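Protein chains in written order, with UniProt numbering: chain V, 1 to 592; chain X, 1 to 135.
Written below as structure tokens is the structure these notes are about.
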Amino acid sequence: MNAAFADPAAWPICIVAGLLMLAGLLLAGAKIVPPVLSDILALAATAAAGVLAAVLAIRIGDHPALYWMGGWTPRQGQAIGIAFLADRAGAGAAAFAGLMFTGAIWFARGYFAGARNHFHVLMLLFLASQCGFFFAHDLFDMFVWFEMMSVAGFALTGYALRSSSLDGALNFTIINTIGAYLILMGIALAYAHANALDFSAVRAVAQGRPDDPVLIAAFVLITTGFLTKAAQVPFHFWLPDAHAVAPSPVSAIFSGIMVSIGLFGVARMAWDVFAPCPAVRHLAHVGLISIGCGSAIAGAVMALMQRHVKRLLAFSTISHVGIALIGVGLLGQQGLGGSLLYLAGHGLIKAMLFMIAGIMLSTLGGIDEIGLRGAGRRIWPAGIVMGACALVLAGIPVGPLDAGARMMDAQARSNGLHWLALVIGFAGALTGGAVLRVTGRVFFNLGPMTGEEDAAPTDDEREHANRPFAAQLVPVLTLLGVWVLLASMFARSSERFALAAAHDMALGADFSSRRALPHMTPILPWLPALVAVAIASVDLNRHRIPDVVYDRLMGLTRPGLHMLQVIHDSVIGEYVLWMMAGLLLLAGIAIF
Amino acid sequence: MSDVFSLLPWIGAVWLFGIGLYGIVSSRHFVHLTGCLAAIQSSSYLVLLGIGYRYGAVAPIFYDKRPGTQAVDPVVQALVLTDVVIGATVSALLLALVLQLHKRNGIVDPQAMRPMGKSAVPTAGGGRQPNGHTA
């Protein structure tokens, strides 16, 4: 035990195995362990996992270490064993996952009363497999953790066993399972030519023959699978259905960390494994940036058109993860670091927003923005937090979200892509505006007249009303506290850490020039937030707009918006076809 | 001759993936759809096993073979085994969800499902049925 603690490389396996063991014990004792004890054990375990990963990230520093399970180190250049990699990117992500899960399990206290502790078991499995994914240094190992995490996610989505949640869970399961099989086929192709699964071994082979079409096809298939998990256009159709119907603590996890995992996987593949192939770098640059832009814009427009608050937040997740994907596609360490920091900032904010949606469900008895108009006045503190989160989403120049955006923007401008700030601003303004509109309508009784959101799908869901409002607000405020710390005291160090994590992930390489540009947006930093406020005010004051102007505006936008609504209001078969179209798009970019 | 045979698993894999995909897109029953997903999964088995196959080689069990005998690749077989377990988990979960769905509203037609359990956008295209409602 002492030896294991002396060697930080052995920590990842301790974290993962510990969580798995606790999950097994809780499941075995499901009938005898009292709920309070399950809560305490699960909370302690997730918090300990997060703290251990954070300490590991600091201790491992500039010297990423491999841990070969069972002592199966590579012999004569052949790596048969399976390794865990302890580096700052993986450990940092695992620490963040620990924080998210601690918050979510805390928030869920009492939510699943009477359901034994299966929720805790699933959450622990979820976290363990995420940590395994972050530390994996082997293609197939990564796939197994990925699938384990997915299955835990599928089960958690359908947990409520209502008609709509079963529908969402089925959609989620089918689309993501097809994505997973694409990943597996990509891994098989990579193995066919590399005869190895270890990241470094595959990378060495890619170095030897960078134009190998089989390796490029492998990257296309694996990327498609990971982008499906990351819910990027056109692989995103499962996400609004699943996020909207999952229990709100689970939605907080989905948006906070699970979706980011797809992005983490793409970045690992692009930088760690296939980077020596020029065609892969071309695909990562052109393909990821265009898909990211498409997601950022489509997600933001769709978010503004929703009335089901969780569905609205889900679309905003697609939009913001799209922006982070652009950061990965910039192929520079600064962009990658910005992307990681952006995801962390977004995860914190989105987890808080989903918790507030959960509070609305349990204390106001609904989640429909229009139906709840004015109902939130008695829980106004939640409204204030929600409004603040909306402004952060919109991109006010404070905190990790904005710091990440500025890093990506600096990278983009040194690549000559000066328009990135516009995309970031657009996505921020629309998603922030949408959340502000919800805040105004629900908590401040504004907006008597509805617009295009009236036609959006909604649901008459409720969640357990047995939990006091204050107890639910505490985890939200705790996450807010973490955000404030990251925005003030640890602002510089979190930026430095994100850059260091990107450096580790990129193995020190940098494929795009980086000039030391000041971190500053060319447009006024407050502009997106101001636009968001303007959008929300227009939406909430529709009844004051003269009919002539209003009809002209609606007439201009209606056909496009209606088409978007119809596309997103469809059946699984069509979603699968969209997915295949996306796969062909990526393959086309790789070929030409 | 062996060229044709070495292509065979790939042709089979593409065929299985294609019919699985067609089945999912056109499915009218979730149990049928689960089966189609299994067909897609089988295509990934074929790819894996085809990659590891060696002509004239034995199974990778060296109990009664001399060390150094040419054997097919055991790594891909281990991958297929793991994949079978994952596939079984997903299928079991899907079928459990379908069973619950059938208990809730008696409809197990993927074409009748709409986000949030109901359709709000009036659509011009015919053939879309009224959906299953929450009780």
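Glycine is no exception: its CB is placed at the ideal position from the N, C-alpha and C atoms.
Remember, it's a predicted structure, so these values are computed and weren't measured experimentally.
Q) Are the C-beta atoms of Phe315 (chain V) and some chain X residue less than 8 angstroms apart? A) Not an interface residue.
Q | Buried/exposed call for Ala124 (chain X), threshold 16 Cβ in 10 Å | A | Note that Ala124 (chain X) has pLDDT 36, beneath the 50 cutoff, so the model's placement of it is unreliable and no number is given.
Q) For the alpha helix (DSSP H) that residue 634 (chain V) lies in, which residues bound it at each end? A) Any answer about residue 634 (chain V) is impossible in this case: the structure gives chain V only from 1 up to 592.
Q: Below 6 angstroms CB to CB, which residues in the same chain sit around Arg128 (chain X) once its five sequence neighbours on both sides are set aside?
A: Unreliable placement is indicated for Arg128 (chain X), whose pLDDT of 32 sits below 50; the coordinate value is still reported in the next sentence. Excluding sequence neighbours, Arg128 (chain X) sits near nothing in its chain.
Q. With 16 as the cutoff for other CB atoms within 10 Å, does Leu325 (chain V) come out buried or exposed?
A. Around the beta-carbon of Leu325 (chain V), 16 or more other beta-carbon atoms lie within 10 Å, marking it buried.
Q. Starting from Phe101 (chain V) and walking both ways along the alpha helix (DSSP H), at which residues does that stretch end?
A. Its alpha helix (DSSP H) spans residues Arg88 to Phe107.
Q: Note down, one range per segment and in chain order, each beta strand (DSSP E) of at least 3 residues found wholly within the region 125–205 of chain V.
A: Runs found: none.
Q: Name, in chain order, the residues that DSSP records as bridge partners for Asp368 (chain V).
A: DSSP output for Asp368 (chain V) lists V:His308 as bridge partner(s).
Q | Helix, strand or coil at Arg59 (chain V) according to DSSP, with G and I counted as helix | A | Arg59 (chain V): helix per DSSP, three-state reduction.
Q: Give, in chain order, every residue of the region 168–182 of chain V whose Cβ lies closer than 7 angstroms to some Cβ of chain X.
A: For the region 168–182 of chain V, residues whose beta-carbon sits nearer than 7 angstroms to a beta-carbon of chain X comprise Ala169, Leu170, Thr173, Ile174, Thr177, Ile178 and Tyr181.
(Q) I'd like to confirm the pairing. Which residues does DSSP put opposite Tyr45 (chain X) in its beta bridges? (A) Note: Tyr45 (chain X) is not bridge-paired with any residue in the DSSP secondary-structure output.
Q: Could you spell out the range, first to last residue, of the alpha helix (DSSP H) harbouring Ala502 (chain V)?
A: First-last of the alpha helix (DSSP H) with Ala502 (chain V): Ala491 to Met505.
Q. Going by C-alpha distance, which of V:Phe237, V:His285, V:Met123 and V:Ile15 is nearest Met580 (chain V)?
A. With distances taken between Cα atoms, Met580 (chain V) lies closest to V:Phe237.
Q) In chain X, which residues lie less than 8 angstroms from Val205 (chain V) when you measure between Cβ atoms? A) Close partners of Val205 (chain V) in chain X (Cβ separation under 8 angstroms) are lacking, with about 14 angstroms as the shortest Cβ gap.
Q) On the three-state DSSP scale, how would you describe Tyr575 (chain V)? A) Annotated three-state conformation of Tyr575 (chain V) is helix, per DSSP.
Q: Scan the region 18–32 of chain X for residues whose Cβ lies nearer than 8 angstroms to a Cβ of chain V and list them as they occur along the chain.
A: Against chain V - using a Cβ distance shorter than 8 angstroms - the residues of the region 18–32 of chain X are Leu21, Ile24, Val25, Ser26, Ser27 and Phe30.
Q) On the three-state DSSP scale, how would you describe Ala456 (chain V)? A) In this structure, Ala456 (chain V) counts as coil in the three-state DSSP scheme.
Q | Contact set between the region 45–60 of chain X and chain V, restricted to residues whose Cβ is under 7 angstroms from the partner | A | Answer set for the region 45–60 of chain X: Val47, Leu48 and Ile51.
Q) Got a sec: is the Cβ-Cβ distance from Gly265 (chain V) to anything in chain X below 8 angstroms? A) Chain X, which has no Cβ nearer than 8 angstroms to the Cβ of Gly265 (chain V), makes this no.
Q: Report all residues from its chain with a CB closer than 8 angstroms to the CB of Gly447 (chain V); omit the five preceding and five following residues, and keep chain order.
A: Excluding positions up to five away in sequence, the list reads Arg373, Arg437, Gly440, Arg441, Asp539, Leu540, Asn541 and Arg542.
(Q) Which residues in chain V have a C-beta closer than 9 angstroms to the C-beta of Phe14 (chain X)? List them in chain order. (A) Note on identity: in this sequence residue 14 (chain X) is Val, with Phe being the wrong assignment. Contacts between Val14 (chain X) and chain V, judged by CB atoms closer than 9 angstroms, are missing: the closest CB pair is about 11 angstroms apart.
(Q) Is there a C-beta anywhere in chain V that falls below 8 angstroms from the one on Gln129 (chain X)? (A) Because the pLDDT at Gln129 (chain X) is just 34, under 50, the model does not fix this residue reliably, and the value given afterwards should be weighed accordingly. Chain V contact via Cβ: absent.
Q) What residues in its chain sit with their C-beta under 8 angstroms from that of Met69 (chain V), if we drop five residues either side in the sequence? A) Ile13, Gly81, Ile82, Ala83 and Phe84, listed in sequence order.
Q) For Leu66 (chain V), which option in V:Leu353, V:Ala44, V:Val51 and V:Ala91 has the closest C-alpha, if you only look at C-alpha atoms? A) Closest option to Leu66 (chain V), Cα to Cα, is V:Ala91.
(Q) Taking its Cβ as the centre, do 16 or more other Cβ atoms sit within 10 Å of Arg467 (chain V), making it buried, or is it exposed? (A) That one is buried.
Q. For chain V, is any of its Cβ atoms less than 8 angstroms away from the one on Ile40 (chain X)?
A. Yes, contact with chain V.
(Q) I need the boundaries of the alpha helix (DSSP H) containing Leu540 (chain V), first residue and last residue. (A) That run of the alpha helix (DSSP H) goes Leu527 to Leu540.
**Q.** Proximal chain X residues relative to Phe140 (chain V), where beta-carbon distance stays under 8 angstroms
**A.** In chain order: Leu79 and Thr82.
Q) Around the C-beta of Arg552 (chain V), are 16 or more other C-beta atoms found within 10 angstroms, so that it is buried, or is it exposed? A) That one is exposed.
Q) Which of helix, strand or coil does DSSP assign to Ala388 (chain V)? A) Of the three classes helix, strand and coil, the one that applies to Ala388 (chain V) here is helix, per DSSP.
**Q.** Residue range of the alpha helix (DSSP H) that includes residue 597 (chain V)
**A.** Lying outside 1 to 592, the shown extent of chain V, residue 597 (chain V) is not represented and no answer is given.
Q. So Ile349 (chain V) and Leu393 (chain V) are in contact, right, with Cβ under 8 angstroms, and what is the actual spacing, rounded?
A. Indeed, because the Cβ distance is near 6 angstroms, the residues count as touching under 8 angstroms.
Q: Answer with buried or exposed for Phe469 (chain V), where buried requires no fewer than 16 other C-beta atoms within 10 angstroms of its C-beta.
A: Around the C-beta of Phe469 (chain V), fewer than 16 other C-beta atoms lie within 10 Å, and the residue is accordingly described as exposed.
Q: Return no unless some Cβ of chain V is closer than 8 angstroms to the Cβ of Ile11 (chain X).
A: Not closer than 8 angstroms to any Cβ of chain V, the Cβ of Ile11 (chain X) fails to qualify, so no.
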